[in-house]
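One structure is given below, encoded as structure tokens.
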Amino acid sequence: MSLAKYIKEIACGTDRATDLSEEDAHDLFAVLLDGGATDLELGAVLAALRLKTESLSEMLGFHRAMSERVHAMAAPEGRCKPLVIGTYNGARDGPNLLPLLALMLRRLGIPVLLHGTLEGSGRVASAYILRELGVMPCISIAHAQKALQEEGFAFVPTATLSPGMANLLALRNRLGVRNVAHNLVKVLDPFQGEGVKVVSATHPLHREKLEVFLNAAGIEAMLLKSTEGEPFANPRQRPRMVHFRDGTASTLFEEEAAPSRGAVGLPERDAAATAHWIRLALEGKVPVPHPIVNQLACCLFASGYTEDMNQAKAIAAVEAGGLATAAARGRQNAAID
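Residue numbers (this note's numbering): -14 to 322.
Structure representation (structure tokens):
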């Protein structure tokens, strides 16, 4: 299939380029995911889209094509919707605390499917930290389904869920820049709309475009500002957190005006140190930063663990308070000894 007609529309410069219709965008992305484009065509399309930036109609079409090519999984039985969280950046400066959030959710009985890359490309990927914590990636959909059903948690490489998306993501190393797949993979959902996506974006303009897309697509998700590209709340300053459901957006937490004074004693950024600190946090030996506790409350509400946000806040506070109490008790015992 020749992609010339699509390239003519989107590769005419920022002033003359036109947006593809949703149907054309769907058909184009289907070809890219199925490996039907030559290297020349693939590079032309991805470069043109990056320069032009994707329109809403294009994102809707791309999303539909991606969703048709994601291996389906069954949502675990229970009253809570599974949370689907992508991890594709890793930590460069501070600690990557996404595994902490995921494991706190698992402990409360909320199913979590973490998907992403196995390599950090110089950063500390969640996969590295999970490996230190004894959590290995699932090697097949059956393996992921079993882990999710029995343990309430699964880490699945992108290539296992969607080989086509993994191939497009891998082009970053060859081209030197990201492409549209990096935006779309944030809302990948093997549960065919039954999962709640936890998504993030760093730049305000990207978050605004993502808000419009989530509303238009009717995707249930929680959106926040990225921490070094990862979808967990900055432990030093809580970002705004917004819940999307049925085309309606609700702000669950506003952004903090100033950095938090409570984010002390955070670990070094390397995987072993972060994993050790996460173990201590889960054992109640170090306090969990309150922005992470706030995000935990948002996840409780979004997953259906509770239908009331105030109740979700209370449960998250009790969970964190229990950890803090355990930490204080441990310090007291150490002093006595």
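Where is the CB? At the ideal position from N, CA and C, for every residue including glycine.
CB-CB length for residue i against residue j, believed under 8 Å
i, j, result
"V183", "M150", "At roughly 18 Å, the Cβ-Cβ gap does not stay under 8 Å, so V183 and M150 are not in contact."
"L5", "S42", "7 Å"
"Q101", "T72", "For the sequence presented, residue 101 should be read as Gly rather than Gln. Right, the Cβ-Cβ distance comes to about 4 Å (below 8 Å), so this counts as a contact."
"W262", "P80", "7 Å"
"A33", "A10", "Going by Cβ atoms, the distance from A33 to A10 rounds to 13 Å, so no, they are not a contact pair."
"L90", "C284", "6 Å"
"R221", "P244", "5 Å"
Alpha carbon of residue i to alpha carbon of residue j, nearest angstrom
i, j, result
"G105", "G75", "6 Å"
"N295", "V271", "25 Å"
"A29", "L195", "24 Å"
"I95", "A59", "15 Å"
"G293", "S147", "In the sequence as presented, Gly is not what sits at residue 293; that position holds Asp. Using only the alpha carbons, I get a separation of about 35 Å."
"D24", "L31", "11 Å"
"P276", "D78", "18 Å"
"S235", "S185", "15 Å"
"K298", "A282", "5 Å"
"G63", "G232", "25 Å"
"A312", "A305", "Note on A312: pLDDT 45, under 50, position unreliable in the model; the coordinate value appears next. If you take the alpha carbons of A312 and A305, they lie about 10 Å apart."
"Q317", "E215", "Residue confidence is low: Q317 scores 42 on pLDDT, short of 50, so the model does not pin down where it sits. Its coordinate-derived value is still stated next. Each residue's Cα considered, the two are about 35 Å apart."
"N158", "L103", "14 Å"
"F217", "T3", "35 Å"
Cut-off 6 Å between Cβ atoms - residues of its own chain near residue i, not counting five sequence neighbours on either side
i, result
"A139", "L98, C123, A129, A132 and L133"
"Y(-9)", "L13"
Residue closest to residue i, alpha-carbon to alpha-carbon, out of the options
i, options, result
"S52", "A166, T23, L209 and E241", "A166"
"F238", "A257, V278 and G269", "V278"
"G178", "I204, S211 and A87", "I204"
"R223", "Q280, T236 and E253", "Q280"
"K66", "H275, G214, P175 and G269", "P175"
"E117", "E292, G63, G306 and D255", "D255"
"R163", "K(-7), R35 and A302", "R35"
"T259", "K(-10), L82 and L18", "L82"
"L169", "I114, A282, F47 and A218", "F47"
"L18", "H275, A305, A144 and N200", "A144"
"A287", "N158, D12, K(-10) and M226", "M226"
"E142", "T212, H188, V69 and E136", "Sequence check: residue 142 is Pro here, not Glu. Cα-wise, what sits closest to P142 is V69."
"A57", "E8, A50 and I126", "I126"
"G137", "P216, V303, P61 and A2", "P61"
"V197", "E8, M44 and E(-6)", "M44"
"E241", "N219, V249 and G250", "N219"
"P189", "E215, G161, L173 and S211", "S211"
"S40", "L265, L103 and H191", "H191"
"P274", "A257, G289, G250 and M121", "G250"
"V172", "L153, T187, A202 and L160", "A202"
"A50", "E8, E(-6) and G180", "E8"
Cutoff 7 Å; reference residue i; Cβ partners in own chain excluding five residues on either side
i, result
"M(-14)", "V16 and G21"
"I321", "With a pLDDT of 36 at I321, under the threshold of 50, the predicted position of this residue should be treated as unreliable, though the coordinate-derived value follows. Around I321: no qualifying Cβ."
"L199", "A206, L208 and F229"
"E213", "N74, A76, R77, D78 and G79"
Any non-hydrogen atom of the ligand ZN within 6 Å of residue i CB
i, result
"H261", "No copy of the ligand ZN appears in this structure; indeed no ligand is present at all."
Neighbourhood of residue i by C-beta distance below 8 Å, restricted to the same chain and skipping five residues each side
i, result
"L267", "L85, L88, M89, R92 and L308"
C-beta neighbour in chain B for residue i, strict 7 Å
i, result
"L13", "Looking at the structure shown, chain B is missing, and only one protein chain is on hand."
Next item on the list: Starting from the N-terminal side, write out each stretch of the alpha helix (DSSP H) that is 4 residues or longer and does not extend beyond the region 49 to 92.
Entry: 83 to 92
Notebook entry, point to check: In chain order, which continuous runs of the beta strand (DSSP E) of length 3 or greater are located wholly inside the region 119 to 178?
Noted result: 138 to 142
Next item on the list: Taking only runs that begin and end inside the region 15 to 47, name each unbroken alpha helix (DSSP H) of 4 or more residues, in chain order.
Entry: 24 to 37
Notebook entry, point to check: Where are the beta strand (DSSP E) runs, 3 residues long or more, that stay fully inside the region 235 to 294, in chain order?
Noted result: none
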